[in-house]
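For the sequence shown, position 117 matches number 1032 in my numbering, and the numbering has no gaps at all.
Accompanying notes for the structure given below.
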Amino acid sequence: MSILVVGSVAFDTIETKHGSREKCLGGAATYFALAASFFTDVRVIAVVGQDFTTENEEVFKRRGIDTHGIERSHGHSFHWSGSYLQDLNEAQTLKTELNVFQHFNPKIPKAYMDSEYLFLANIDPVLQLRVRQQMPNVKLVCGDTMNYWITGHLANLEEVLRELDVLLINDKEARMLGGTDNLMRAATRVQEMGPSAVVVKHGEYGATAFFTRSIFTTGTHATEMFHSPALPLSDVVDPTGAGDSFAGGFYGYIASQPELTPDVFKRAMFYGGVMGSFCVEQFGTERVQSLTRADIDQRFKTFEELSHFA
Ligand code: AMP
């Protein structure tokens, strides 16, 4: 099974209380692809500038990720600059430079057309929609977004939401999009905008899914909610990419399974937590680059122990 992901491939400048990094490889599609690559085949649609090196591309290739859909353009790659000095759970965006993404017109390579799963990672909703329209026959569409697009590009985002089966979104942004402080009511309102399932990420406090049972291909579930934990860590070095790594583990696991049952969905939430927990242990993509499948399996067991009581 293959996942096609469109989203930012970027350079990030990050500061946390553990130090800082200048223009390290990042971007929502990058974190997503690296995490999902441990579970299934991944193909990327994005645009980068002349500053994107062969070494940067090797990071994807070493994980077997298909990079044919990463277009090279004149100019600089997307650049995001963020700080976690005030709050470790929420990035303070210092700068967003769209650069080559401003004039990007995504073209999907022929070889990508048989992808069964589509992930619309965080990027301009106009681009998310263009990719969605070129992939009408996918089995499942999952997407992500952030405050930058909710506040400034809501009408376009609403068009994307109508196309989604699953929306992954962080806690604060779910309340912002749903127009209420109450999380459950916010999630219900977001579901009314399109997605059958809304997975709300709470950073160090785990994630909660709100769903209608029609999301499952077989099986049913007693409640229309599910909560998964996050792993308490003694050191969070850099939270950048945790949400996208969660998405990669979550969706990668779903794509690796023959059916979307309630059990698969719940395990996927745990795998999301596992990948997010690794991501924050080092700066940028460093930790995920050195991961092995054995590390993932071991941490999944820890997650099971964390919340098992029978
Ligand atoms: P997160 O998983 O939420 O920590 O996502 C962090 C990644 O999102 C960083 O690597 C950034 O390059 C990327 N990013 C930040 N702002 C935007 C934006 N407005 N659109 C797309 N990607 C972004």
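The C-beta atom is built at its ideal place from N, Cα and C for all residues, glycine as well.
Query: Three CB pairs or more closer than 8 Å across the segment 982-993 and the segment 956-969; Result: yes
Query: Under 8 Å between C-beta atoms of Tyr1032 and Tyr1186; Result: no
Query: DSSP bridge partner residues for Met1140 (one or two, in chain order); Result: Phe1125
Query: Inter-stretch contact (C-beta, 8 Å, three-pair minimum) for the segment 921-934 and the segment 1135-1143; Result: no
Query: When Val1075, Asn1004, Val963 are compared against His994, the one with the closest alpha-carbon; Result: Val963
Query: Test item: CB-CB of Gln1043 and Val920 under 8 Å; Result: no
Query: DSSP-derived helix/strand/coil call for Gln965; Result: coil
Query: Cα-Cα separation between Gly1118 and Glu1220, rounded to whole angstroms; Result: 20 Å
Query: The segment 1200-1217 contacting the segment 1175-1189, beta-carbon criterion three pairs below 8 Å; Result: yes
Query: Counted within 10 angstroms of its Cβ, other Cβ atoms place Met1028 as buried (16 or more) or exposed; Result: exposed
Query: Candidates Gly1134, Pro1024, Gly997: closest to Pro1177 by CA position; Result: Gly1134
Query: Residues of its chain near His991, where Cβ-Cβ distance is below 6 Å and the 5 sequence neighbours each way are ignored; Result: Gly964, Asp966, Asn1014
Query: Supposed contact pair Thr1123 and Ile1084 - C-beta distance, whole angstroms, cut 8 Å; Result: That pair is no contact at about 11 Å.
Query: Endpoints, beta strand (DSSP E) assigned at Tyr1032; Result: 1032-1035
Query: Paired residues, beta bridge with Val1081 - DSSP; Result: Cys1057, Ala1112
Query: 3-residue-minimum beta strand (DSSP E) runs that sit fully inside the segment 983-1014, ordered along the chain; Result: 985-987, 993-998, 1007-1012
Query: Inter-residue CB distance, Gly1163 and Ala951 (contact presumed, cutoff 8 Å); Result: 4 Å
Query: Backbone secondary structure at Leu919 - three-state DSSP; Result: strand
Query: Any 3 or more C-beta pairs closer than 8 Å across the segment 934-953 and the segment 1086-1096; Result: no
Query: Nearest to Pro1051 (by Cα), restricted to the options Leu1069, Ile1023, Glu1174; Result: Ile1023
Query: Presumed contact (8 Å Cβ cut-off) between Val1195 and Asp1153, rounded CB distance; Result: 6 Å
Query: The ligand ADP heavy atom lying under 7 Å from the CB of Asp1159; Result: Looking at this structure, you won't find the ligand ADP anywhere; what it does contain is the ligand AMP.
Query: CB contact flag (Leu1003, Val1151, <8 Å); Result: yes
Query: heavy atom of the ligand AMP below 7 Å from Pro1154 C-beta; Result: yes
Query: beta-carbon Ala948 near the ligand AMP non-hydrogen atom, thresh 7 Å; Result: no
Query: Close-in-space but distant-in-sequence residues of the same chain around Arg1104 (CB under 6 Å, 5 per side omitted); Result: Gly1093
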